[in-house]
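S.K.:
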Ligand SMILES: C[S@@+](CC[C@H](N)C(=O)[O-])C[C@H]1O[C@@H](n2cnc3c(N)ncnc32)[C@H](O)[C@@H]1O
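In the numbering used here, the protein residues as written are 43 to 238.
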């Protein structure tokens with residue numbers, strides 16, 4: 043089963059000048075994406091499946107999907123500094139990275155993902171992963187959608203529910219996006235749905 047995580051952000055921009063220092067200082071909250079990349083990268087070998095990290099830049103001047111298959115990242119990501127460096131390269135559209143940039147709107151993106159992925163919306167108000175074990179087992183690809191430093195907008199949520207995305211909770215508390223990624227991967231790694 044292939045796994046994707048989709049994270050929208052209204053603050054991250056492609057054309058702005060940025061440095062490691064400015065990102066660490068919180069510019070556009072790119073640090074949230076860096077941490078997601080760092081945490082997900084750790085599961086690259088552990089889950090032994092195709093993993094893709096998809097960022098959606100929802101700023102009105104961007105409306106851009108950035109799709110990052112983790113298998114295309116050749117340098118080791120072992121620290122937050124490594125992942126910040128990778129994010130800088132990715133956002134500068136470095137030609138050495140086989141990262142797909144595509145202008146699209148959120149509805150179109152979700153429509154296209156829904157064609158070949160089971161969609162799961164990560165929210166503390168959702169149902170536990172155990173409930174979805176059989177549904178997940180039957181999928182050849184799943185996409186988990188979660189907020190970045192902010193929750194999804196009401197409009198984004200509506201689009202997800204229009205497409206029958208299943209609300210999935212990993213606990214009653216609010217967690218950071220990067221922690222949610224780790225918890226989902228951990229749950230998958232220990233779930234029969236993933237191994238059978
Ligand atoms: C940092 S939160 C967004 C802002 C959040 N309301 C907060 O300040 O804690 C990042 C995202 O992770 C997901 N998330 C957080 N806690 C979760 C939980 N307990 N179960 C499922 N998803 C969760 C949600 O999609 C959320 O938008």
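Virtual Cβ for every residue (Gly too), placed ideally from N, Cα, C.
Going by CA-CA distance only, name the one from 156, 227, 193 that's closest to residue 50.
M.R.: In the chain shown, residue 50 corresponds to position 8, counting from 1. Of the listed residues, the one whose Cα sits closest to residue 50 is 193.
S.K.: What would DSSP say about residue 204, mapped onto helix, strand or coil?
M.R.: Here residue 204 corresponds to residue number 162 of the chain shown, with the count starting at 1. In the three-state DSSP reduction, residue 204 falls in the helix class (H, G or I).
S.K.: What residues sit near ligand 1, counting only those whose C-beta is closer than 7 Å to one of its heavy atoms, in chain order?
M.R.: 164, 165, 166, 168, 188, 189, 190, 191, 192, 193, 194, 210, 211, 212, 213, 214, 215, 216, 217, 218, 219, 222
S.K.: Check whether the Cβ atoms of residue 130 and residue 65 sit closer than 8 Å, and answer yes or no.
M.R.: Here residue 130 refers to the residue found at position 88 of the chain shown. Here residue 65 refers to the residue found at position 23 of the chain shown. Yes, the pair counts as a contact, with Cβ atoms nearer than the cut-off.
S.K.: Under 8 Å by Cβ, that's how I've got residue 55 and residue 191 pegged, so tell me the actual separation to the nearest angstrom.
M.R.: What you label residue 55 is simply residue 13 of the chain shown in a count that begins at 1. What you label residue 191 is simply residue 149 of the chain shown in a count that begins at 1. The Cβ separation is near 15 Å, so there is no contact.
S.K.: Using a 10 Å radius around the Cβ and a threshold of 16 neighbouring Cβ atoms, would you call residue 200 buried or exposed?
M.R.: Within the chain shown, the letter at position 158 stands for residue 200. It is exposed - the Cβ of residue 200 has fewer than 16 other Cβ atoms within 10 Å.
S.K.: State the Cα-Cα distance for the pair residue 237 and residue 60, rounded to the nearest angstrom.
M.R.: As a first step, residue 237 is located in the chain shown; it is residue number 195 there, counting from the start. As a first step, residue 60 is located in the chain shown; it is residue number 18 there, counting from the start. Going from the Cα of residue 237 to the Cα of residue 60 covers about 41 Å.
S.K.: Assign residue 88 to buried or exposed, taking buried as 16 or more other Cβ atoms, counted over all protein chains shown, within 10 Å of its Cβ.
M.R.: Position 46 of the chain shown, counted from the first residue, corresponds to residue 88. Label assigned to residue 88: exposed.
S.K.: Could you give the distance in angstroms between the alpha-carbon of residue 99 and the alpha-carbon of residue 173?
M.R.: The count along the chain shown starts at 1 and reaches residue 99 at position 57. The count along the chain shown starts at 1 and reaches residue 173 at position 131. So the alpha carbons of these two residues sit roughly 31 Å apart.
S.K.: Would a C-beta distance cut-off of 8 Å place residue 96 and residue 115 closer than the cut-off?
M.R.: Here residue 96 refers to the residue found at position 54 when the chain shown is read from its first residue. Here residue 115 refers to the residue found at position 73 when the chain shown is read from its first residue. Not a contact, by the Cβ cut-off of 8 Å.
S.K.: Going by C-alpha to C-alpha distance, which of 162, 184, 53 sits closest to residue 92?
M.R.: Position 50 of the chain shown, counted from the first residue, corresponds to residue 92. Per the Cα distances, 184.
S.K.: Within 10 angstroms of the Cβ of residue 232, are there 16 or more other Cβ atoms? Answer buried if so, exposed if not.
M.R.: On the chain shown, residue 232 is found 190 positions in, with the first residue counted as 1. When all chains shown are included, residue 232 counts as exposed.
S.K.: Compare the Cα-Cα distances from residue 80 to each of 133, 68, 125 and report the closest residue.
M.R.: Residue 80 sits at position 38 when you count from the first residue of the chain shown. Measuring from the Cα of residue 80, the nearest candidate turns out to be 125.
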